[in-house]
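Okay, so here's the structure we're looking at.
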């Protein structure tokens, strides 16, 4: 990696060979000047055109090196003259090849100076040599000046040591044809990326690809399959070790000591694991694969290499789709690093929060194209979700009798029809999201389906019938739990399998697998096809329930204190016992009569009203003030809606759905206002 460091910029004098003066070069690594083989200037730099073709004497070595021109030189850097050390700088190496300059290695792999650096410096550490070179140049009057200089230095990510570019002999592969084929495979949709924007990165990298260095100087890995004859120097690259040299028949050949690049070996994975190069049955069946899921940080290292290898060796892409998953970062969005000490230990995290809580956190945060900033608060939320599901399942289990099974046809009421619709709507969204690799969206929908709809609403509504209902009535909640477990299993597999084993044992329909993982995706469950019921009743019930609770709180009545209540919404009479139980009411009377009274707390619900009898507890003046406040609020909201709906420009430009939504809101508020005015008399 590159880090910014404070260093020095040494300006060195290189005498012209004809004795007529000198040129000045600037360098941050004076020890490398011992390997210089040229001095370069920009071809258009008028200051030095008269020096092109002439030679300078390389200080401390007395070697003569040429002054050459190359466009890579920045005339504004230093003096505009650049020393060329092809063996110790990548840019110099390329320039040296263009200009035909020799390459002299003066620093070895042990970071010490070589014999090529001269007898005086050979064996010195590179940084000790730097001091010696600077001192010798100064003694000879060839050090013009030293400047403080801030620059980017390449260092080892693991040790922090300054890295030294060195020339070495390596094996390379020409991949231009393979890269062109890989580009075409993505362009014509034989391979599809999610997110799609990675196609742009793919185009950039493969369009500008260079020869691939496939050899490494490592102990472990696949050995390079190349053998050299010590007798004639012939090189043999073969699948199996040759018995003798094919050129001179020498029997003892030396295998190259290098190993293949890890990504070269990994590139063969999609077909090598199935018996390749033999055309095995497994290879025919499993190649190409369907989906590759991997981190975007190895798009070039691994994905591109696999595609090139597959097209080259198998004449077919290795997979049809690639999903680039998010990278997990710390709570501050920084990449995890042992050096920074911000690595999250997955084992410790699972022990603290639970394996499924960690898994669910990663899923719900995995929006395509974004990274995951994992924090304890996010993990805590997921653990709470898992606990919520566990407790709901325990409640269901304790409420069931032996005759309640999944084979029993459930009896459906208004609450069941509502829950079935919610399940169908949300599972359709979950299915579409999973198929499109939007795992975060699927997890988010399931979270609210379980927490808000199943636990907070349906179980509350079903509590009465779970206590007193028939087996067929109780079977409905068993089916709903079964659907949720099957849909949640990909996200929280351990928890759902545990619940499934505990609750569904002995209750599964004949022929159903006992293992949850082996059961089908529940989108085609018969319960999701249930038709009937009034779609407005449960939302209306929820509003009435919250209003009763709010009235108690606003009037200083303890939540658990049971008081008489009244409701003008007769449609909710089917939930009379449920409302009484959940709102903790002494009695609940449904009536069309005026609910207002000097000792009652009244509130509008939809186009009706609810009231609590608070004789001895209620302040009539305060209650009237609340109704007047709501009246004024509704007047103001209606004024804005009516203004918008009378605006011809809005009606002409806004989508029809938006206009209809505004009209519905206006109608609802007008009905509420009418009720408030009625209560105020």
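Numbering (our numbering), first residue to last: 494 to 1174.
Using N, Cα and C, we set each Cβ at its ideal position, and we do this for glycine too.
Since residue i and residue j should fall inside the 8 Å C-beta cutoff, what is the C-beta to C-beta distance between them, to a whole number of angstroms?
{"i": "residue 575", "j": "residue 566", "result": "5 Å"}
{"i": "residue 523", "j": "residue 635", "result": "The Cβ separation is near 11 Å, so there is no contact."}
{"i": "residue 943", "j": "residue 923", "result": "No, residue 943 and residue 923 are not in contact; Cβ-Cβ is about 11 Å, not under 8 Å."}
{"i": "residue 668", "j": "residue 705", "result": "5 Å"}
{"i": "residue 624", "j": "residue 616", "result": "Their Cβ separation, rounded to whole angstroms, is 15 Å, which puts residue 624 and residue 616 out of contact at 8 Å."}
{"i": "residue 531", "j": "residue 594", "result": "5 Å"}
{"i": "residue 717", "j": "residue 664", "result": "6 Å"}
{"i": "residue 448", "j": "residue 744", "result": "In the structure as shown, the chain begins at 494 and stops at 1174. Residue 448 is therefore absent and cannot be evaluated."}
{"i": "residue 586", "j": "residue 518", "result": "At roughly 17 Å, the Cβ-Cβ gap does not stay under 8 Å, so residue 586 and residue 518 are not in contact."}
{"i": "residue 1062", "j": "residue 1099", "result": "7 Å"}
{"i": "residue 764", "j": "residue 803", "result": "7 Å"}
{"i": "residue 588", "j": "residue 577", "result": "6 Å"}
{"i": "residue 761", "j": "residue 767", "result": "That pair is no contact at about 11 Å."}
{"i": "residue 1045", "j": "residue 1052", "result": "6 Å"}
Thinking C-beta only, is residue j closer than 8 Å to residue i?
{"i": "residue 449", "j": "residue 971", "result": "No statement about residue 449 is possible, as the shown extent of the chain runs from 494 to 1174 and does not include it."}
{"i": "residue 707", "j": "residue 800", "result": "no"}
{"i": "residue 1084", "j": "residue 1106", "result": "no"}
{"i": "residue 818", "j": "residue 857", "result": "no"}
{"i": "residue 957", "j": "residue 849", "result": "no"}
{"i": "residue 713", "j": "residue 752", "result": "yes"}
{"i": "residue 1131", "j": "residue 1079", "result": "no"}
{"i": "residue 885", "j": "residue 952", "result": "yes"}
{"i": "residue 521", "j": "residue 494", "result": "no"}
{"i": "residue 836", "j": "residue 829", "result": "yes"}
{"i": "residue 1069", "j": "residue 1030", "result": "no"}
{"i": "residue 851", "j": "residue 1021", "result": "no"}
{"i": "residue 823", "j": "residue 872", "result": "no"}
{"i": "residue 582", "j": "residue 658", "result": "yes"}
{"i": "residue 996", "j": "residue 1095", "result": "no"}
{"i": "residue 1042", "j": "residue 1076", "result": "yes"}
{"i": "residue 902", "j": "residue 964", "result": "no"}
{"i": "residue 504", "j": "residue 572", "result": "yes"}
{"i": "residue 920", "j": "residue 1023", "result": "no"}
{"i": "residue 527", "j": "residue 563", "result": "no"}
{"i": "residue 1155", "j": "residue 1134", "result": "yes"}
{"i": "residue 550", "j": "residue 543", "result": "no"}
{"i": "residue 820", "j": "residue 869", "result": "no"}
{"i": "residue 1124", "j": "residue 1173", "result": "yes"}
{"i": "residue 748", "j": "residue 641", "result": "no"}
{"i": "residue 797", "j": "residue 674", "result": "no"}
{"i": "residue 654", "j": "residue 648", "result": "yes"}
Quickly, what does DSSP pair residue i with across the bridge? List them, please.
{"i": "residue 500", "result": "642"}
{"i": "residue 739", "result": "Paired residues: none, contrary to the question."}
{"i": "residue 1059", "result": "1082, 1104"}
{"i": "residue 786", "result": "816"}
{"i": "residue 828", "result": "822"}
{"i": "residue 450", "result": "Absent from the model: residue 450. The displayed extent of the chain is 494 to 1174, so no value can be given."}
{"i": "residue 508", "result": "515"}
{"i": "residue 548", "result": "559"}
{"i": "residue 600", "result": "606"}
{"i": "residue 944", "result": "In the DSSP output, where bridge partners are listed per residue, residue 944 has none listed."}
{"i": "residue 616", "result": "DSSP output for residue 616 lists no bridge partner at all."}
{"i": "residue 720", "result": "729, 748"}
{"i": "residue 685", "result": "814"}
{"i": "residue 576", "result": "532"}
{"i": "residue 636", "result": "505"}
{"i": "residue 660", "result": "Beta-bridge pairing links residue 660 to no other residue."}
{"i": "residue 647", "result": "495"}
{"i": "residue 655", "result": "648"}
{"i": "residue 520", "result": "503"}
Notebook entry, point to check: With contact counted as at least three CB pairs below 8 Å, one residue from each stretch, are the segment 691-702 and the segment 716-732 in contact?
Noted result: With the cut-off at 8 Å, the segment 691-702 and the segment 716-732 do not touch.
Next item on the list: Please confirm if the segment 997-1007 is in contact with the segment 923-932, defined as three or more CB-CB distances below 8 Å between the two stretches.
Entry: No contact exists between the segment 997-1007 and the segment 923-932.
Notebook entry, point to check: Which full runs of the beta strand (DSSP E) of 3+ residues lie inside the segment 1066-1104, going along the chain?
Noted result: For the segment 1066-1104, the continuous beta strand (DSSP E) assignments of 3+ residues that do not extend past its boundaries occur at 1078-1083, 1093-1098, in sequence order.
Next item on the list: Output the residue ranges of the alpha helix (DSSP H) runs that lie fully inside the segment 843-913 and measure 4 residues or longer, sorted by chain position.
Entry: Along the segment 843-913, the alpha helix (DSSP H) occurs as fully enclosed runs of 4 or more residues at 848-857, 869-892, listed in sequence order.
Notebook entry, point to check: Taking only runs of the beta strand (DSSP E) that begin and end inside the segment 742-802, which ones reach a length of at least 3 residues, in chain order?
Noted result: Listed in chain order, the complete beta strand (DSSP E) runs (minimum 3 residues) inside the segment 742-802 are 782-788.
Checklist line | the segment 797-817 / the segment 773-785 touching (three or more Cβ pairs under 8 Å) | finding: Contact holds between the segment 797-817 and the segment 773-785, because three or more Cβ pairs, one in each stretch, are under 8 Å apart.
Next item on the list: Count the CB pairs spanning the segment 904-916 and the segment 872-890 that are closer than 8 Å, and state whether there are at least three.
Entry: Taking 8 Å as the limit for Cβ pairs, the verdict is that the segment 872-890 does not touch the segment 904-916.
Note to self: Which complete alpha helix (DSSP H) runs does the segment 993-1067 hold, if anything under 4 residues is left out?
What the structure shows: Restricting attention to alpha helix (DSSP H) runs no shorter than 4 residues, the segment 993-1067 encloses them at 1030-1047, ordered along the chain.
Notebook entry, point to check: Taking contact to mean at least 3 C-beta pairs separated by less than 8 Å, is the segment 1010-1025 in contact with the segment 977-984?
Noted result: Touching, per the Cβ criterion.
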